[in-house]
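Before any comments, here is the structure.
There are 2 protein chains.
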Amino acid sequence: MARAVQQRTLKTRARLTDAARQIIAEYGYEGLRIEEVVKRAGVAKGTFFAHFHDKDALMDILIGAEIDSYLDRIEVCSPPRTIDDLLDALLPLLEFMSCERYVFDVILRHSGAAACDAIGPIAETFARHDAVVAEWLADGPFRNDVSPDLLAQGIQAFSVQSIALNFCAINNTVPLRTRLSEYLTAWLLPDSQSAAAHSAARA
Amino acid sequence: MARAVQQRTLKTRARLTDAARQIIAEYGYEGLRIEEVVKRAGVAKGTFFAHFHDKDALMDILIGAEIDSYLDRIEVCSPPRTIDDLLDALLPLLEFMSCERYVFDVILRHSGAAACDAIGPIAETFARHDAVVAEWLADGPFRNDVSPDLLAQGIQAFSVQSIALNFCAINNTVPLRTRLSEYLTAWLLPDSQSAAAHSAARA
DNA sequence: ATTAATAATTGACCGGGGTCATTTTTTAAG
DNA sequence: CTTAAAAAATGACCCCGGTCAATTATTAAT
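From first to last, the protein sequence lines stand for chains V and Z. Numbering follows the UniProt record's numbering, in which position 93 of the first sequence is assigned residue number 93; successive positions increment by one, without gaps. Numbering follows the UniProt record's numbering, in which position 5 of the second sequence is assigned residue number 5; successive positions increment by one, without gaps.
Encoded structure:
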């Protein structure tokens, strides 16, 4: 029969994640060293790897939790009626995702291209993001010739693309919001766009 | 005055990249170790880092060259008239990009989110991809309410998204081509879409 | 040729992630 | 209690990317 989880286990795990969060607050995600984590937690190095498969797994958990807290705030918004509303809702999350290059890399690695057998925390947040956005888009003022879920997936694709381009020195003259706005208008309002473009061409 | 590049330099560099290509042929990109590269090239470890900034820079060059060879073939295609034509042209490249998780990770790191100060080989290929596809889409049978370049960028975003999702065990029941086809139909043919693609995807 | 300046190479060394045989602690059974 | 099995923790060790002061090779000028 399987034994219950020991109190000790939970305590050690908590000490490790607490230490990690503390280090991140001081040095950023990029600056985290496992040796420093175990030192502050007062355990041996091997103990860390008994609790987390590797460094990435810890990052997955910590960054996933952070993304979740942004999604909590996004979830309670009323469905956006315009692209600008949508951007207002999503941008805080996207800014966190691009707070550090390392963070964005970790997110990319875990978002869909998850090496792990089971789905991890960050991958979960992507699914949740899809669900929240798809809910918004059902019966909204945007195109409805394709499923809301497909639209939500497209929003994710364009969000990631926008962040990636903005990390590049050559492309980051355009603010994230502006770039994403252009993508989302073309994606969510293909009709109104042509009208706008046409009238612009006429003028 | 700046001195000319020594013959020795070119020779050493060639020996290093040759060794690297050989190792990749045997063990894959993931299996490449710098120690093995320098051993086969018959030079010291430090020499490698005098020629390449780091391991990623070598990968950037090798993978970038590979992508370029796919683009060479893509470039000579006649502009696609249908989504299927487009997929036929692009899929070989996308399959290379997803041949190894590690390769896809390297590509993502270098595509736009380039840490490097200057633009690297892989980032160049992304720009080239954009240019080729934008050229195709100008005056094509697809939507023309937005610029061809924006359409090309969207194709890239959806390509990356499709590959990422396909690496995830949970999502890879849908073939890459099928998934991308759905995205591209919605992106490039927002009008015709409504009835056709939706019922097709369900079937 | 000699020499001074520059370029290329070397390999011992370091940092930090990850492993694993061994030891210590906890738990359940007699 | 005692004890045997399971769980948790330990830290010396390995792997491998990356560094750098010292050495060797090349070039240009006299």
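Ideal Cβ placement from N, Cα and C applies to all residues, glycine included.
By the criterion of Cβ-Cβ separation under 9 Å, what are the contact partners of residue i in chain V?
i, result
"A131 of chain Z", "None at all; the shortest Cβ gap to chain V is about 15 Å."
"G154 of chain Z", "G154, A157, F158, Q161, Y183, A186, W187"
"D68 of chain Z", "Here the premise fails: no neighbours, minimum Cβ distance about 19 Å."
"K139 of chain Z", "Residue 139 of chain Z is actually Asp in this sequence, not Lys. Correct list: empty, because the minimum Cβ distance to chain V is about 15 Å."
How long is the line joining the alpha carbons of residue i and residue j, rounded to whole angstroms?
i, j, result
"F49 of chain V", "P79 of chain V", "43 Å"
"T125 of chain Z", "S162 of chain Z", "19 Å"
"R21 of chain V", "V103 of chain V", "14 Å"
"H51 of chain Z", "E182 of chain Z", "44 Å"
"A197 of chain Z", "I83 of chain Z", "Only weak support exists for where A197 of chain Z lies, its pLDDT of 44 falling under 50; the value from the coordinates is given anyway. If I take the Cα positions, the gap works out to 11 Å."
"R40 of chain V", "L16 of chain V", "8 Å"
"N172 of chain V", "L165 of chain V", "7 Å"
"L10 of chain Z", "L58 of chain Z", "15 Å"
"A115 of chain V", "L94 of chain Z", "Bear in mind that the predicted position of A115 of chain V carries a pLDDT of just 44, short of 50, making it unreliable; the figure below should be weighed with that in mind. Near 18 Å, if we compare the C-alpha coordinates of L94 of chain Z and A115 of chain V."
"I34 of chain V", "K45 of chain V", "8 Å"
"L150 of chain Z", "A19 of chain V", "45 Å"
"L188 of chain V", "R143 of chain V", "6 Å"
"V43 of chain Z", "V174 of chain Z", "46 Å"
"R177 of chain V", "L87 of chain V", "7 Å"
"T12 of chain V", "R101 of chain V", "30 Å"
"L140 of chain V", "V160 of chain Z", "It should be noted that the sequence gives Gly, not Leu, for residue 140 of chain V. If you take the alpha carbons of G140 of chain V and V160 of chain Z, they lie about 27 Å apart."
"V168 of chain Z", "D60 of chain V", "A small correction: the amino acid at residue 168 of chain Z is Cys; Val does not occupy that position in the sequence shown. For C168 of chain Z and D60 of chain V, the distance between alpha carbons rounds to 15 Å."
"D85 of chain Z", "S147 of chain Z", "20 Å"
"L108 of chain Z", "R109 of chain V", "9 Å"
"R8 of chain V", "A14 of chain V", "10 Å"
"T47 of chain V", "V37 of chain V", "11 Å"
"I23 of chain V", "H53 of chain Z", "29 Å"
"A152 of chain Z", "P92 of chain Z", "17 Å"
"H129 of chain Z", "Y70 of chain Z", "10 Å"
"P190 of chain Z", "V5 of chain Z", "54 Å"
"A25 of chain V", "R3 of chain Z", "48 Å"
For residue i, which residues in chain Z fall below 8 Å Cβ to Cβ?
i, result
"S111 of chain V", "A164"
"L150 of chain V", "E182, Y183, A186"
"D54 of chain V", "Chain Z residues near D54 of chain V: none, gap ~15 Å exceeds 8 Å."
Which residues mark the beginning and the end of the alpha helix (DSSP H) in which residue i is found?
i, result
"F52 of chain Z", "Where F52 of chain Z is concerned, there is no enclosing alpha helix (DSSP H), given that its DSSP letter is neither H nor E."
"N166 of chain Z", "148 to 167"
"D84 of chain V", "83 to 97"
"R33 of chain Z", "Per DSSP, R33 of chain Z belongs to no alpha helix (DSSP H) and is neither H nor E."
"L189 of chain Z", "No alpha helix (DSSP H) holds L189 of chain Z; DSSP gives it neither H nor E."
"T125 of chain Z", "121 to 137"
"F104 of chain V", "101 to 111"
Mind listing the chain V neighbours of residue i? Cutoff is C-beta to C-beta under 7 Å, in chain order.
i, result
"Y29 of chain Z", "Within chain V, no residue comes near Y29 of chain Z; the closest Cβ sits about 14 Å away, beyond 7 Å."
Listing by chain order, which chain Z residues have their CB less than 7 Å from the CB of residue i?
i, result
"L108 of chain V", "L108"
Could you work out which residue in the options is closest to residue i when comparing CA atoms only?
i, options, result
"R81 of chain Z", "Z:A65, Z:T47, Z:E135", "Z:E135"
"V106 of chain Z", "Z:I119, Z:Q6, Z:Y29, Z:P148", "Z:Y29"
"A157 of chain Z", "Z:D139, Z:A44, Z:R179", "Z:R179"
"L32 of chain Z", "Z:A14, Z:L108, Z:A89, Z:K55", "Z:K55"
"D72 of chain Z", "Z:G46, Z:A131, Z:D85", "Z:A131"
"I119 of chain V", "V:T47, V:V37, V:T12, V:G64", "V:G64"
"D68 of chain Z", "Z:A14, Z:A25, Z:S159, Z:A123", "Z:A123"
"D145 of chain V", "Z:A186, Z:V38, Z:A14", "Z:A186"
"A127 of chain Z", "Z:D191, Z:A25, Z:E36, Z:G154", "Z:G154"
"I170 of chain V", "Z:G112, Z:I170, Z:H129", "Z:G112"
"L184 of chain Z", "Z:C168, Z:L90, Z:I24, Z:Y70", "Z:L90"
"E75 of chain Z", "Z:A14, Z:E26, Z:L137, Z:S147", "Z:L137"
"E66 of chain Z", "Z:A25, Z:A4, Z:Y27, Z:F96", "Z:F96"
"E133 of chain V", "V:C77, V:C99, V:P121", "Checking the sequence, you will find Val at residue 133 of chain V rather than Glu. Cα-wise, what sits closest to V133 of chain V is V:C77."
"L62 of chain V", "V:P121, V:S98, V:C99", "V:P121"
"Y27 of chain V", "V:A4, V:C99, V:D191", "V:C99"
Examine the ligand PLP and report whether any of its heavy atoms sits within less than 7 Å of the Cβ of residue i.
i, result
"L90 of chain V", "Only the bare structure without any ligand can be found here, which leaves the ligand PLP out of the picture."
Which chain V residues are close to residue i, counting only those with a beta carbon under 8 Å from its beta carbon?
i, result
"D60 of chain Z", "What D60 of chain Z touches in chain V: nothing, since even the nearest Cβ is about 14 Å away."
Just to make sure I have the definition right: I need the residues of chain Z whose C-beta is within less than 9 Å of the C-beta of residue i. Which are they?
i, result
"D18 of chain V", "Those do not exist, as D18 of chain V stays about 30 Å from chain Z at its closest Cβ, beyond 9 Å."
*In the segment 85 to 97 of chain Z, which residues sit with their C-beta less than 7 Å from some C-beta in chain V, listed in chain order?*
none
*Could you name the residues of the segment 71 to 83 of chain Z whose beta carbon sits closer than 8 Å to any beta carbon of chain V, in the order they occur along the chain?*
none
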